[in-house]
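Peer 1: Residue numbers (our numbering): 179 to 500.
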Amino acid sequence: MLHDHVAGFRDADDPRVREAALAATALLLDDPALAPSVPRYAPAVRTVLAASADSSYRWIARERLAAWGEDITGLVVAEEERRAALDRIRALADDPFAEGQEEAIRRLAEQPEDTAAPGWCDRRREARTAPARPTPHGPAPEPPVAAPGSGAGHRGPWRIAREEERAEWTFTPYVGVGPLHFGMTSEEIADALGERPPPSRPGEDRQPRCVDFTGSGIRALFRGGRLGCVAVDALTGPQVRLDGAPLTGCAPSRVEAWLVHRTAPRPGSLTYSPAADPVFADLGLAIRPQRAGNAVLSRPLFLLPDRLDLWHALPGEEWNFS
179 MLHDHVAGFR DADDPRVREA ALAATALLLD DPALAPSVPR YAPAVRTVLA ASADSSYRWI
239 ARERLAAWGE DITGLVVAEE ERRAALDRIR ALADDPFAEG QEEAIRRLAE QPEDTAAPGW
299 CDRRREARTA PARPTPHGPA PEPPVAAPGS GAGHRGPWRI AREEERAEWT FTPYVGVGPL
359 HFGMTSEEIA DALGERPPPS RPGEDRQPRC VDFTGSGIRA LFRGGRLGCV AVDALTGPQV
419 RLDGAPLTGC APSRVEAWLV HRTAPRPGSL TYSPAADPVF ADLGLAIRPQ RAGNAVLSRP
479 LFLLPDRLDL WHALPGEEWN FS
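Spelled out as structure tokens, the structure:
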């Protein structure tokens, strides 16, 4: 049934829809009942899916073609060369003293968007034989008690919202958090939150890098006018939970320790920003500190893959936030 429903999208006008439909078809052909259709789709998987700008689609193409007994040596070599070339361009773009830095930055900007999360392919392969997730060590983090005198509606400088005042959100890595989905515009976010963003200041870009929705305790960070990162205010933002444990407004060290033991990070999936903020690539999640008087509370950031390098991805407004 799924195969028949997907078939209608393989000839769509939008190339992204065509690629998504072909990727779904390639995965569905793992079912023995659909195996006779493999010769029909294998050429398109090689010529279309294996050449996609999306690395997850390229990986699907290599995995499926190999499972069907086809030679993928050339595709593997091409992928390694693609990654090496992109690494060289990134290194050049990050070096302010290198000749050709401007050209490297331009080439990076012209790169087609890759929606795949880092390590997605490896995680899918490992998931088949992955050991049971370790039990978190120690209790889950707990939010602090609301500051004395911080009555409902009060917006003092160090007010900490009570739990009953906070909206309850969950998140899906690399998809969105609460009612927000990555790729939204500022207007779409405002509609989802039921709140209008502050008016732009004279001289400000038409496509803002950062918009604060103070009523909801949310900061939206944009690239090219599209949502790429959501920062949740530690004091008044929604309570975002993972496996029932709160991530907002807790002691950052407790949240970090709990996440490390919960996720059992594989090599390279846990990194730290120059400010010592932990970044969990498998979750698209970073934990930054935010002051509340003498307390320091957790400020979770939910990110797309191209925002995991916090030092280069976050604008000054976020680094200067206290």
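We put the CB at the ideal spot given by N, CA and C, even for glycine. Predicted model only: the values in this text are computed from it and were never measured.
(1) Report yes if the C-beta distance between residue 228 and residue 207 is below 8 angstroms; otherwise report no.
(2) Which whole runs of the alpha helix (DSSP H) in the segment 222 to 256 are 4 residues long or more, in chain order?
(3) Among the candidates 360, 341, 342, 344, whose CA atom is the shortest distance from the CA of residue 350?
(4) With respect to the alpha helix (DSSP H) encompassing residue 431, which residues constitute its N-terminal and C-terminal limits?
(5) What does DSSP give as the partner residue(s) for residue 464 in the beta ladder?
(6) Counting only the same chain and skipping the five closest in sequence on each side, list residues whose C-beta sits under 7 angstroms from that of residue 251.
(7) In whole angstroms, give me the CA-to-CA distance for residue 372 and residue 262.
(8) Contact check, residue 355 vs residue 375 under 8 angstroms by CB: the rounded distance?
(9) Note down, in chain order, each residue of its chain lying with its Cβ closer than 6 angstroms to the Cβ of residue 235, except the 5 sequence neighbours on either side.
(10) Taking the alpha helix (DSSP H) that residue 367 falls in, what are its first and last residues?
(11) Kindly confirm or deny that the segment 410 to 422 and the segment 339 to 346 touch, where touching means at least three C-beta pairs closer than 8 angstroms.
(12) For residue 496, tell me which candidate among 185, 273, 397, 225 has the shortest Cα-Cα distance.
(13) For residue 551, count neighbouring C-beta atoms within 10 Å of its own C-beta (all shown protein chains included) and say buried if the count is 16 or more, exposed if not.
(14) Would you call the CB atoms of residue 319 and residue 428 closer than 8 angstroms?
Peer 2: With the structure as the only source:
(1) The beta carbons of residue 228 and residue 207 sit no closer together than 8 angstroms.
(2) For the segment 222 to 256, whole alpha helix (DSSP H) runs of length 4 or above, ordered along the chain, are 233 to 245.
(3) For the options 360, 341, 342, 344, the alpha carbon positioned closest to that of residue 350 is the one of 360.
(4) Segment 430 to 441, the alpha helix (DSSP H) holding residue 431.
(5) As DSSP reads the structure, residue 464 sits in a beta bridge with 457, 479.
(6) So no residue of the chain qualifies.
(7) Their Cα atoms are separated by approximately 45 angstroms.
(8) About 17 angstroms separates the two Cβ atoms, so there is no contact after all.
(9) Excluding residues within five positions, the ones whose Cβ falls inside 6 angstroms are 197, 201, 227.
(10) Taken as a continuous stretch (DSSP letters only), the alpha helix (DSSP H) holding residue 367 covers 364 to 371.
(11) Counting Cβ pairs under 8 angstroms, three or more are found: they touch.
(12) Taking only the C-alpha atoms, the option nearest residue 496 is 397.
(13) With the chain covering only 179 through 500, there is no way to say anything about residue 551.
(14) The beta carbons of residue 319 and residue 428 sit closer together than 8 angstroms.
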